[in-house]
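One point on numbering: in the working numbering, the residue at position 9 of the sequence shown is 18, and numbering is uninterrupted. Heads up, the beta-carbon is just placed ideally off N, CA and C, and yes, glycines get one too. Since this is a predicted model, take the numbers as computed values, not measurements. Written out below as structure tokens is the structure these notes cover.
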Amino acid sequence: MPTTNARTRRAFEEYRILRVLDEDPDESVLEGPAIWFNITDGEFRAYDGTDFGTLEFTPDA
10 MPTTNARTRR
20 AFEEYRILRV
30 LDEDPDESVL
40 EGPAIWFNIT
50 DGEFRAYDGT
60 DFGTLEFTPD
70 A
């Protein structure tokens with residue numbers, strides 16, 4: 010079974026859907042889970058429908 014990192018990477022490679030923003034979007038404009046790259050902080054950020062968080066990646070073994 011692929012790791013979460015591998016599944017996330019594959020989704021990015023397959024769909025190339027990633028918003029680039031200078032700040033987190035307002036929660037009221039999000040309709041569910043979302044991922045974006047925050048250029049101000051240089052981080053991949055996400056919203057899971059209730060909370061915001063930072064995505065961290067580790068190298069595959």
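With at least 16 other beta carbons inside 10 angstroms of its own, R54 counts as buried. Leaving aside the five residues that flank I44 on each side, the residues in its chain whose CB is nearer than 6 Å to its CB run, in chain order, A55. Annotation for G58: G41 and P42 place their beta carbon closer than 6 Å to its own, counting only its chain and skipping 5 residues before and after.
Membership of I44 in the beta strand (DSSP E) is indicated by the continuous run A43 to N47. Look at E52 here: in three-state DSSP terms it is strand.
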